[in-house]
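Peer 1:
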Amino acid sequence: MNNTLTMKALTFKRYGKSPEISFSDISRPTPKPDELLVTVHAAGLNPIDNMIPTGMFKPVLHCQLPATLGSDLAGVVIEVGSRVTRFKPGDAVFASIFDLGTGSLAEFAVVPESAAALKPANLDFVQAASIPMVGLTSWQALK
């Protein structure tokens, strides 16, 4: 791992047929008052994660380039913002950060408190990271 100011992340630099997807050293995020800083132990990949760099969703998804890829994650909280009440450092969590301007394919991710849930004890990090978008899609299909 890098020093505390930077981290590795899978990023893309432009939209289109040659998005320049690569691992990059980027600034480590700082949580806002209502956010958690999570060390990412596992990230889920969804079909939309592959489509975003093509620019297909550019009119509705607002990424600041270069952008970190990925939506779903599971990891351990290492820092909480001043207004966070449901989580503390050391909590194992999982979340979807889709369409929040940040990505999960990185060493660290910021997660709004409202988007996080405690990781069920009977799931490992990989299993938990595979749930958010797939679970939401399945639930929506049943409605």
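Quick note: the sequence shown uses this note's numbering, first residue 12, plus one each step.
By construction, the Cβ of each residue, glycine as well, lies at the ideal position given by its N, Cα and C atoms.
1. If you follow the beta strand (DSSP E) that L47 is in, where does it begin and where does it stop?
2. Need the endpoints of the alpha helix (DSSP H) that D102 sits in, please.
3. Taking P123 as the reference, give the member of Q75, G112, A132, L147 with the closest Cα.
4. For K19, list the residues DSSP reports as bridge partners.
5. What did DSSP end up calling T113 once you bin it into helix, strand or coil?
6. Under a three-way DSSP split, which group does Q151 fall into?
Peer 2: Reading off the structure:
1. L47 -> beta strand (DSSP E) spans 46-55.
2. Taken as a continuous stretch (DSSP letters only), D102 belongs to no alpha helix (DSSP H), as it is neither H nor E.
3. The candidate whose alpha carbon is nearest that of P123 is G112.
4. Under DSSP, K19 takes part in a beta bridge, and its partners are D36.
5. T113: coil per DSSP, three-state reduction.
6. If DSSP states are grouped into helix, strand and coil, Q151 belongs with the helices.
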